[in-house]
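A.B. asks:
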Amino acid sequence: MNYGTNKHYANEYGMELNEYFKHHFNYEELAGWYTMQVLKYLVRAGKKEGESYDKDRNKALDYAGELANLSNENKLTEYTAD
């Protein structure tokens with residue numbers, strides 16, 4: 678995801694909301710957040726005025742990618758920690 682272009686999600690120190698979550702949420706919380714975002718964008722795709730179906734679908738795919746990356750990172754951490 679290209680969060681850098683969405684400065685409205687950054688705090689006064691320039692930290693994006695997604696980066697904050699990555700540093701302060703545990704795996705289950707972060708996985709839940711990404712899952713909810715995927716569902717939100719899939720459910721509203723094509724329904725919100727001014728937002729195209731494709732734009733919302735792509736947002737859902739971006740969050741699904743973040744969820745997949747998180748899952749892969751977690752599996753790697755579990756594997757190397759054993």
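Each position in the sequence shown, counted from 1, maps to that position plus 677 in the working numbering. Where is the CB? At the ideal position from N, CA and C, for every residue including glycine. Keep in mind that this is a model prediction, so the values were computed, not measured.
Using the C-alpha atoms, what's the distance from S729 back to G723?
C.D. replies: Approximately 5 Å, taken between the alpha carbons.
A.B. asks: What residue does the alpha helix (DSSP H) around M713 start on, and which one ends it?
C.D. replies: Residues Y704 to R721.
A.B. asks: Are N751 and Y697 closer than 7 Å when you measure CB to CB?
C.D. replies: It is not a contact, given that the beta carbons lie outside the stated cut-off.
A.B. asks: Just the Cα atoms here: how many angstroms apart are L760 and N746?
C.D. replies: Limits of the chain in this structure are 678 at one end and 759 at the other, which puts residue 760 out of reach.
A.B. asks: Please report how far the alpha carbon of H700 lies from the alpha carbon of L719, in whole angstroms.
C.D. replies: So the two alpha carbons sit approximately 26 Å from each other.
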